[in-house]
Amino acid sequence: MSLAKVIGNNIHALMKKQNVKIKQLADLIGVTRQTMTKYLEGEVIIDSEKLFKIAEFFGKPLDYFLENKHEEMAFLFRAHVLNKESISTVQNKVCDLINRVYEIYELAGEKISYLPQQYNLKIDSKEKQIPKEIKLKIEQIALEEREWLNIGESRGEEIIECFENKGIRIIFEKFDMPDMFGVSALHDQKGCFIVINDDENIPEERKIFSIVHEYAHILFDRNQYRQVILQSTRRNIYEKIADKFAGYFLIPRKSLAKYSVLLKSQLSWNDLIYIKKDLRVSLKALLHVLNDYEYISDKEYQKWLKYLNMKGYTKKEPDPMPYFKKNTAHEKIVRMLFMKEHIGINKVAELLGISVEEARENAKKWMMDEREG
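Each residue of the sequence shown is one higher than the last, beginning at 7 in my numbering.
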């Protein structure tokens, strides 16, 4: 197949996917509709300046249009509201993030094609509530996964390293969509990725919860991932299962043993805050698990939820965790590659998604630290 035909096919596929009309693209690059049609049909090869404009428009690197075959990622969202436009925007951004992180590990010679085990809970998608026997199964799987990931006494941001050590890549990135919490993506060759919204309005505890929630979807809902279809999730049974798994995973029964004196009495607000801060979990997640483990009754659980809403903690977190630095594992590898002169400043900027000026500042600090070390 000629290069003109390959480029034309790739442009046409993106136009179809994002519902872009020929005239819209023709106007963008300043050609007639007839000329644009010739580009798409491969009769005439498009020049690099015009292709660059099209690449910018679709959020793709130039190399994308020169490849004859693309292996697409399969996605699932954790988001309350995503329209067609926002789905496309997030898709492009997430693909770029994943490709950059994949390249970082590839340059370092690390294999990252790991895909976690799948579990079949055999539950009807029309179920409104999780049956008791399924809850017990989810709790057991959560404990098994904690053991496999070597979670041990790790809490809060420490859990991220446990996932990374097993080849499950966690990426934090700010999205200007406060209702978009996370995206999980799977690829047969590239492996498993979880992308979390690092918006400052989302509490750190809830970002950690979103990691485990997305991991639950990967374990239980693999059949819901589709090629290049990003799916907005709602409060269906699969979401409830993912929430349940995240709660059991982050707050296993045995972790509550040291609070036995508090849990045997009537829990106060200060008691709850103390436990949630010590475990580095969200208060909502703690309340949910305490209710599940029958430390608090259904009535008490509802009372505390109403109190949280009344105090304005629907999206905020009482006494929240401080913000912590993200993507440190990826930055460490880029630093190593740069210090060993495997990559230059421009590549550092590209891999970390920062400006060349910021990359230079990072490089100065790395070299200074090296000298002082």
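Where a beta carbon is used, it is the ideal one built from N, C-alpha and C, also for glycine.
Just to confirm, is the Cβ distance from residue 140 to residue 147 under 8 Å? Position 134 of the sequence shown, counted from the start, is the residue given in the question as residue 140. Position 141 of the sequence shown, counted from the start, is the residue given in the question as residue 147. Taking 8 Å as the Cβ cut-off, residue 140 and residue 147 do not qualify as a contacting pair.
Buried or exposed: where does residue 329 fall if 16 or more other Cβ atoms within 10 Å of its Cβ makes it buried? What you label residue 329 is simply residue 323 of the sequence shown in a count that begins at 1. Exposed, by the Cβ-count rule.
In whole angstroms, what separates the C-alpha of residue 321 from that of residue 288? Residue mapping note: residue 321 aligns to position 315 of the sequence shown, counting from 1. Residue mapping note: residue 288 aligns to position 282 of the sequence shown, counting from 1. Those two C-alpha atoms are separated by around 11 Å.
Quick one: any contact between the segment 252–266 and the segment 290–301, if contact means 3 or more CB pairs under 8 Å? yes
Locate the alpha helix (DSSP H) running through residue 316, then write down its first and last residues. Residue 316 sits at position 310 when you count from the first residue of the sequence shown. Its alpha helix (DSSP H) spans residues 304–316.
Going by DSSP in three states, residue 186 sits in which element: helix, strand or coil? Counting from 1 along the sequence shown, the entry for residue 186 is found at position 180. Three-state DSSP puts residue 186 in a strand.
DSSP-derived helix/strand/coil call for residue 193: Sequence index remark: in the sequence shown, residue 193 carries index 187 (1-based). Residue 193: strand per DSSP, three-state reduction.
How would you call residue 197, buried or exposed, if buried means at least 16 neighbouring beta carbons within 10 angstroms? In the sequence shown, the residue the question calls residue 197 occupies position 191. Buried.
Provide the residue(s) that pair with residue 203 in DSSP beta bridges, ordered along the chain. For the purposes of this step, residue 203 is taken as the residue at position 197 of the sequence shown. Looking at the DSSP assignment, residue 203 forms a beta bridge with 179.
What number of angstroms, rounded off, separates the C-alpha of residue 122 from the C-alpha of residue 132? Numbered from its first residue, the sequence shown carries residue 122 at position 116. Numbered from its first residue, the sequence shown carries residue 132 at position 126. Taking the straight line joining both Cα atoms gives about 26 Å.
Look up residue 174 in the DSSP assignment and say whether it is helix, strand or coil. Looking up residue 174 in the sequence shown gives position 168. DSSP places residue 174 in strand when its eight states are reduced to three.
Quick one: give me the first and last residue of the alpha helix (DSSP H) that residue 41 is part of. The residue labelled residue 41 in the question sits at position 35 within the sequence shown. Here the alpha helix (DSSP H) through residue 41 covers 39–47.
Note down the Cα distance separating residue 165 from residue 260, rounded to an integer number of angstroms. Mapped onto the sequence shown, residue 165 falls at position 159. Mapped onto the sequence shown, residue 260 falls at position 254. Distance between the alpha carbons of residue 165 and residue 260 is about 17 Å.
Report buried or exposed for residue 227, applying the criterion of at least 16 other Cβ atoms within 10 angstroms of its Cβ. By one-based count along the sequence shown, residue 227 stands at place 221. Its Cβ being crowded by 16 or more others within 10 Å, residue 227 is buried.
Cβ shell of residue 217 (< 8 Å), same chain only, five flanking positions each side left out: Taking the first residue of the sequence shown as 1, we reach residue 217 at position 211. Once the five neighbours on either side are set aside, the close Cβ partners of residue 217 are 165, 166, 169, 176, 188, 200 and 202.
How many whole angstroms separate the CB atoms of residue 343 and residue 351, which I take to be in contact at a CB cut-off of 8 Å? Sequence index remark: in the sequence shown, residue 343 carries index 337 (1-based). Sequence index remark: in the sequence shown, residue 351 carries index 345 (1-based). That belief does not hold up - the Cβ atoms of residue 343 and residue 351 are roughly 12 Å apart, past 8 Å.
List the whole-angstrom C-beta distance separating residue 51 from residue 10, where the pair is believed to meet the contact cut-off of C-beta under 8 Å. As a working mapping, residue 51 is identified with position 45 in the sequence shown. As a working mapping, residue 10 is identified with position 4 in the sequence shown. With 8 Å as the limit, residue 51 and residue 10 qualify as a contact, their Cβ atoms being about 4 Å apart.
For the alpha helix (DSSP H) that residue 279 lies in, which residues bound it at each end? Against the sequence shown, residue 279 aligns to sequence position 273. Element bounds for residue 279: 275–285.
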